[in-house]
């Protein structure tokens, strides 16, 4: 299934222990339970000092991050940093 392929891709990417993780719609094909698991993993990796760059259309996921950059037509229209 698409969700299983997505989970395998995430696991494969994390197996190299990268300092920077680029995730393009990482939860797009996942159910809510697996979405929560992936987000918790990303949050823990970030607390360990790793950088997570995540593209998403899901505002509830974006709101869990330290910074949100909104784009429109290829231009930055908003850059929100949380303190």
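In the numbering used here, the protein residues as written are 1 to 83. We treat Cβ as the ideally placed atom computed from N, Cα and C, and that holds for glycine. These numbers were taken from a predicted model, which means no experiment stands behind them.
Status (buried if at least 16 other CB within 10 Å, exposed otherwise) for residue i
i: residue 26; result: buried
i: residue 83; result: exposed
i: residue 22; result: exposed
Per DSSP, the bridge partner or partners of residue i
i: residue 80; result: 68
i: residue 20; result: 51
Selected residue, minimal CA-CA separation from residue i, among the options
i: residue 29; options: 72, 10, 67 and 43; result: 10
i: residue 3; options: 33, 77, 68 and 80; result: 33
Where the beta strand (DSSP E) through residue i begins and ends
i: residue 35; result: Premise fails: residue 35 lies in the alpha helix (DSSP H), 32-47, not in any beta strand (DSSP E).
i: residue 56; result: That residue, residue 56, is in no beta strand (DSSP E); it is neither H nor E in DSSP.
Endpoints, the alpha helix (DSSP H) within which residue i is located
i: residue 60; result: 59-62
i: residue 3; result: 2-14
Inter-residue spacing [alpha-carbon to alpha-carbon] between residue i and residue j
i: residue 50; j: residue 42; result: 9 Å
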